[in-house]
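Peer 1:
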Amino acid sequence: MDEIQALMQGFSVALSPTNLGLMFLGILLGVIIGVLPGLGGANGVAILLPLTFSMNPTSAIIMLSCIYWGALFGGAITSILFNIPGEPWSVATTFDGYPMAQNGQAAQALTAAFSSSFFGALVAIIIITFLAPLVAKFALQFGPPEFFAVQLLTFCSFVGMSKEPAFKTLAAMFFGFALAAIGMDNVTGQLRLTFGFEPLIKGFDFLIAVIGLFGIGEILLTMEEGLAFRGKTAKITPAVVWETWKMLPKYWKTYLRSAAVGCWMGITPGGATPASFMGYGIAKRFSPNKDNFGKGEIEGVLAPETAAHAAGTSALLPMLTLGIPGSPTAAVLLGGLLVWGLQPGPLLFVEQKDFVWGLIASMYLGNIAGLVVVLATVPWFAAILRIPFSIIAPVILVICAVGAYTVHSSMFDVWLMMGFGVIGYVFKKLQYPMAPLVLALVLGDMAENAFRQSLLSSSGNLSVFFSNPLVATITTVALVMLVWPMLQALRGATKK
Amino acid sequence: MTYDSAAHNRAKPGMYDIGFSRAVFSRELIRINRTIRAQNLQSGCGQPTTPKKVTNVTQLRFSKIKVALSAALVSATALCASAAFAWEPTKTVEFVVPAGTGGGADQMARLVQGIVTKHNLLKSSMVVVNKGGGAGAEGFLEMKNAKGDAHKIVITLSNLFTTPVATGVPFSWKDMTPVAMLALDEFVLWVNSESPYKTAQEYIAAVKAGGGKLRMGGTGSRQEDQIITALIEKAAGVKFIYVPYKGGGEVAVQLVGKHIESTVNNPIEAVAQWRGGKLRPLCVFDGKRLAQKEKIADMSWSEIPTCKESGLDIEYLMLRGVFMAPGVTPDQVAFYVDLMKKVRATPEWAKFMDEGAFNTTFMSGAEYAAWVAKEDTRHRALMQEAGFVAAK
Amino acid sequence: MSEPAEPSAASTRTLEIITSACLLLLALLIMWDSRRIGAGWGPSGPESGYFPFYIGTLMGLASAVNLVKAWRMSRDKSFVSVEEIRLVSAMFFPALAFVFVMQWLGIYVSGALLIAFFMRWQGKFSYAKCAAVAVGTSLVLFAMFEIWFKVPLLKGPLESLFGY
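Protein chains in written order, with the working numbering: chain A, -16 to 479; chain B, 31 to 422; chain C, 7 to 170.
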């Protein structure tokens, strides 16, 4: 096997003391970046990119990609502990991660999240190692209609399951779509729904909405119940890690499904955030504990984390083989490659063997290092919950404000975050569901673009969504997903 | 750029003045010198410093140091690295990018940041801030509102001209202070290498025969790619379906995957696919052929005919330039002009220019302002004609 | 939810009505603006305002239903008790003040003030502890963002005194 040999060569590159040191440094920086909302993997890599110009490209990419792994791991931490997603792809982790923490299972949730992230990454790396050329070809088949079909699938796999009142779900969902539509229409270049108000030109950033709705909203809710976190009674010993690990193998089906979803979404490239939602949605649909989702079900933590990390990792594949970034972070890394004098593309695997295989080997090592680092911090992070609320609440608030500000360096966004905080508080108390809102906010823009690009290409003919076997299959699966809950309800009704 | 020894001689004493005041003077100098020798940075010296600063005291110190340090150590360029200016940044310089992370402007800004850091061209640090909302309107408005703030510079692309027209957001280049043109980005007409078209004529003939069903992919809407498409449509009397995408890399890959028939990607966006044998360049939208003679795939950049040679009389180049906020002083502008000159003299910059097949024209001052004014008028006219003006 | 014995500050019905009415108004606004920029189906697919228009329409319909439902609700159920709203305000208004002051003092100074104030007021910690946590947090954030990651945040007069 050529790949094995090349990989071993890669390990010898990656295992040099300098590169190992850079690996741990990268992971640590990445975890910090992941924990801070607003400061994402893409920012982190972009910020540190100029520092790497004097390094050799292989060491540089090892460090930068490790920042990225660290950020992927770290995003889950604040989601679980404080209901604040540190990264967009950890929003779905809050749905069950935070309830788990409130039930006193913060350590279990963190362990499950990290281990699942690792598993997702591992599957993706194995695919990169052995199937890169094949997979690159598959990614090329994705044009606008296929992208739209995938986004439709993500959406359909998620909707139709909420327990909240139907009309409130609809209102919340369309509120999310409306927010996504504000700003520039990418297809015609027109501004819409800005009413001549300058701060609205840049549109509503997903992260600001999420920090407000989840983070600030949750602080207000917690205040209402008195000055305390419910999760502070958590039992935290290193043994929890082992106990949680013993539980995880029985969810092997969920793992495989989520990893498949994640790799698919990373390669095509759909992105880690939609992947995490799709992973969560599918897990919920197939799980025997369906009703426990949203109340602290461990499966609801591991499914989105596996999918997100698999997607985040496999997003590097189209970047290396095709030069298209599968995620914003990959886009910045791509810029780095060009600056270092490497051209990503079909020839990279042929011409820059040391670099490519060094990077792939560092993916294995970096993720192992990452898992060790974050697992070691589990008891420490979980212990944060023991800090008195009157200290932690203002600190979280300041960090949220910092996060909202960093997204666009705009004061307006901080006000916006406060506004979303109030909306989050009211919505939660009135049972307007948050998940469809944020999903619509993530997907709305992308889906509309893909839909309209498709129709431009087909001169307005809707049959474009069934024009070839690939897109027809995805569209059909999406529609089946959409009507399935209704069919099930119908079947349930006839049985009675 | 040529090496101006007269300017350098005049500059010497003042520079020592600054260097001497540092405690770690000699170590600093050795370090800088070593870096510079390694990089063979021989032409970084820009503007002369103000002669006012030359006093007897500093000259006296100068002679002492000259004895102390070996001649090799005191290389002219080392001095340039810490030249004294009438004005210098006193805090972190923000480099605003009116586009998202990973795009052409972002890459260039981050390269500049990297070069500035690596060669110690700035005493304070430089940070890159992306403000790409509303096709760059966010970043330009920020500059417009930062009147007199000399610690903010912005890199521009064509959206400086197109966004105000396309969106009606009120700003123009006149709301900012022109600093310098760094380079011009070329545009090339690309098709899939498996398509039968070998020349621009053949392709245009096919577009004509296709009756307006062939798709041209590009970055954004009502921006440079769509303007070029409109120019082709006008010059050749054809019609395309223009499909807008988010970024240039994505457009190139869509062409490889045959979801579109052609693109007008910048060289750097498509070069990897070309090298991989997936794309074919047909013609370049410049008045003259590209300079880079090195073979990329089956041919070199310089072998690509201009579009004019191929019967499409279209010239379009995209500005990669730097602006400051309005209301800054000439001294402050001079500092950044000089900084950009130094950046352009580094080997890293040269390599980047070469890889991206950039047009390396440099302009500053009145010449630059005149160029920008001309382009602004041209874009307005083009967009008016193509119907890309914002709805009222 | 609160016990019926506690005095209620606002009934759930009131909040339901306010929320659905706000969403309804927003929906109308969206529909109006979308019509302005063209909400039809052009020769090459939907125009700029097409999707927003229907998003607005559906949002409006759903909100209208919610409004009617809310109208019919009983007035007894409490949304928030007086005690609860007092606690929430204890967090919310200092937070608002923090954001307001941030515009002049920058994020670090106002952040430190918020932390110190809240710790002292709600947690009854000693002045020394309040100061230590507040200043410490701001310093850590400052080191991380301004120095380490080189992300410029909002700064005020104090920072410019030190040359930032």
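Idealized CB from N, CA, C, for every residue including glycine. Since we're looking at a predicted model, the values are computed, not measured.
Which bits of chain C does A/Ala75 rub up against, with CB to CB less than 8 angstroms?
Peer 2: The premise fails here: A/Ala75 is roughly 23 angstroms from chain C at the closest Cβ pair, so nothing lies under 8 angstroms.
Peer 1: Could you name the residues of chain B that C/Val157 contacts, counting a contact when the two beta carbons are closer than 9 angstroms?
Peer 2: What C/Val157 touches in chain B: Val157, Val159.
Peer 1: Measuring CA to CA, which of B/Arg305, B/Lys269, B/Lys182 is closest to B/Ala327?
Peer 2: Checked all of B/Arg305, B/Lys269, B/Lys182; the closest Cα to B/Ala327 is B/Arg305.
Peer 1: Can at least three beta-carbon pairs, one atom from the region 211 to 224 of chain B and one from the region 346 to 357 of chain B, be found at a separation below 8 angstroms?
Peer 2: Touching, per the Cβ criterion.
Peer 1: Note down the Cα distance separating A/Asn272 from A/Glu280, rounded to an integer number of angstroms.
Peer 2: So the alpha carbons of these two residues sit roughly 8 angstroms apart.
Peer 1: I'd like the list of long-range same chain contacts for A/Glu(-14), defined as Cβ closer than 8 angstroms, with 5 residues on each side in sequence excluded.
Peer 2: Closer than 8 angstroms at the Cβ level, and outside the excluded window around A/Glu(-14), lie Thr112, Phe113.
Peer 1: Compute the Euclidean distance between the alpha carbons of A/Ala366 and A/Gly103, then round it to the nearest angstrom.
Peer 2: In a straight line, the C-alpha of A/Ala366 is about 27 angstroms away from that of A/Gly103.
Peer 1: Taking 8 angstroms as the threshold (beta carbon to beta carbon), is A/Met489 in contact with chain C?
Peer 2: It is not possible to answer for residue 489 of chain A, since the shown part of chain A is limited to -16 through 479.
Peer 1: Does the region 138 to 150 of chain B come close enough to the region 0 to 13 of chain A that 3 or more CB-CB pairs lie under 8 angstroms?
Peer 2: Not touching, per the Cβ criterion.
Peer 1: Could you tell me whether the region 94 to 103 of chain C touches the region 73 to 84 of chain C, using the rule of 3 or more Cβ pairs below 8 angstroms?
Peer 2: In short, these stretches do not touch, since the Cβ pair count stays below three.
Peer 1: Closest by CA to A/Asn451, which one among A/Thr35, A/Leu317, A/Trp52, A/Ala132?
Peer 2: Minimum Cα distance to A/Asn451 is reached at A/Ala132.
Peer 1: Write down the C-beta distance between C/Met125 and A/Ile374 rounded to the nearest angstrom, noting that I regard them as a contact closer than 8 angstroms.
Peer 2: Going by Cβ atoms, the distance from C/Met125 to A/Ile374 rounds to 6 angstroms, so yes, they are a contact pair.
Peer 1: Pick out whichever of A/Leu183, A/Ser345, A/Arg175 has its Cα sitting closest to the Cα of A/Met394.
Peer 2: When each option's Cα is compared against that of A/Met394, the closest is A/Leu183.
Peer 1: Quick one: Cα of B/Glu232 to Cα of B/Asp316, how far?
Peer 2: Roughly 20 angstroms separates the two Cα atoms.
Peer 1: What does DSSP give as the partner residues of C/Gly48 in its beta bridges?
Peer 2: BP columns for C/Gly48 point to C/Gly51.
Peer 1: On the criterion of 16 or more Cβ atoms from any shown chain inside 10 Å, does A/Ala509 qualify as buried, or is it exposed?
Peer 2: Outside the displayed span of chain A (-16 to 479) sits residue 509 of chain A, for which this structure offers no information.
Peer 1: Taking only beta-carbon atoms, is B/Leu151 less than 8 angstroms away from chain A?
Peer 2: No - not a single Cβ of chain A is within 8 angstroms of the one on B/Leu151.
Peer 1: Which residues bound the alpha helix (DSSP H) around A/Pro257?
Peer 2: Taken as a continuous stretch (DSSP letters only), the alpha helix (DSSP H) holding A/Pro257 covers 255 to 269.
Peer 1: Can you tell which of A/Ala96, A/Tyr408, A/Gly53 has the C-alpha that lies nearest to the C-alpha of A/Leu19?
Peer 2: The shortest C-alpha separation from A/Leu19 is found at A/Gly53.
Peer 1: Hey, is C/Ile43's beta-carbon within less than 8 angstroms of any beta-carbon in chain B?
Peer 2: Yes - at least one Cβ of chain B is within 8 angstroms of the one on C/Ile43.
Peer 1: Name the chain A residues whose beta carbon is nearer than 7 angstroms to that of B/Gln414?
Peer 2: Result: empty, since nearest Cβ-Cβ is about 15 angstroms, beyond 7 angstroms.
Peer 1: Quick one: what's got a C-beta closer than 8 angstroms to B/Val123's C-beta in the same chain, skipping five residues either side?
Peer 2: These residues qualify, in order along the chain: Leu152, Ser154, Ser155, Met156, Val157, His181, Lys182, Ile183.
Peer 1: Listed from N- to C-terminal order along the chain, which residues in the region 375 to 400 of chain B have their beta-carbon within a distance smaller than 9 angstroms of any beta-carbon of chain A?
Peer 2: Cβ contacts with chain A: Glu378, Lys381, Phe382, Glu385, Gly386.
Peer 1: What is the rounded straight-line gap between the Cα of A/Ala484 and the Cα of A/Leu420?
Peer 2: Nothing about residue 484 of chain A can be reported from this structure: the residues present for chain A run from -16 to 479 only.
Peer 1: Among residues of its own chain, excluding the 5 on either side of B/Lys338, which ones have a beta-carbon nearer than 6 angstroms to its beta-carbon?
Peer 2: Nothing listed; no residue qualifies.
Peer 1: Grab the span of the beta strand (DSSP E) containing B/Met156 for me, first residue to last.
Peer 2: 156 to 160 is the span of the beta strand (DSSP E), which, as asked, contains B/Met156.
Peer 1: Distance cutoff 8 angstroms, beta carbons only. Does A/Gly306 sit that close to anything in chain B?
Peer 2: So yes, A/Gly306 belongs to the interface.
Peer 1: Taking Cβ positions, are A/Leu34 and C/Phe155 nearer each other than 8 angstroms?
Peer 2: Not closer than 8 angstroms, so no.
Peer 1: Since B/Tyr272 sits in a beta bridge, which residues does DSSP pair it with?
Peer 2: The partner list for B/Tyr272 (beta bridge, DSSP) reads B/Met246.
Peer 1: Do you know whose CA, among A/Leu(-10), A/Tyr408, A/Val322, lies nearest A/Glu207's CA?
Peer 2: Taking only the C-alpha atoms, the option nearest A/Glu207 is A/Tyr408.
Peer 1: If you draw a straight line from the C-alpha of A/Phe125 to the C-alpha of A/Ile457, how long is it?
Peer 2: Rounded to the nearest angstrom, the two C-alpha atoms are 12 angstroms apart.
Peer 1: Between the region 155 to 176 of chain A and chain B, which residues of the former have CB atoms less than 7 angstroms from a CB of the latter, in chain order?
Peer 2: Residues Gly166, Met167, Asn169, Val170, Thr171, Gly172, Gln173, Leu174.
Peer 1: Hey, would you say the C-beta of B/Ile344 is under 7 angstroms away from at least one heavy atom of the ligand NAD?
Peer 2: The model depicted lacks the ligand NAD and carries no ligand whatsoever.
Peer 1: Exposed or buried, A/Gly341, counting other C-beta atoms within 10 Å across all chains shown (16 or more means buried)?
Peer 2: Classification of A/Gly341: buried, given that the 10 Å Cβ count is 16 or more.
Peer 1: Around the Cβ of C/Ser116, are there at least 16 other Cβ atoms within 10 angstroms (buried) or fewer (exposed)?
Peer 2: So C/Ser116 counts as buried.
Peer 1: Any idea which residues DSSP pairs A/Arg175 with across the strands?
Peer 2: Answer is A/Gly166.
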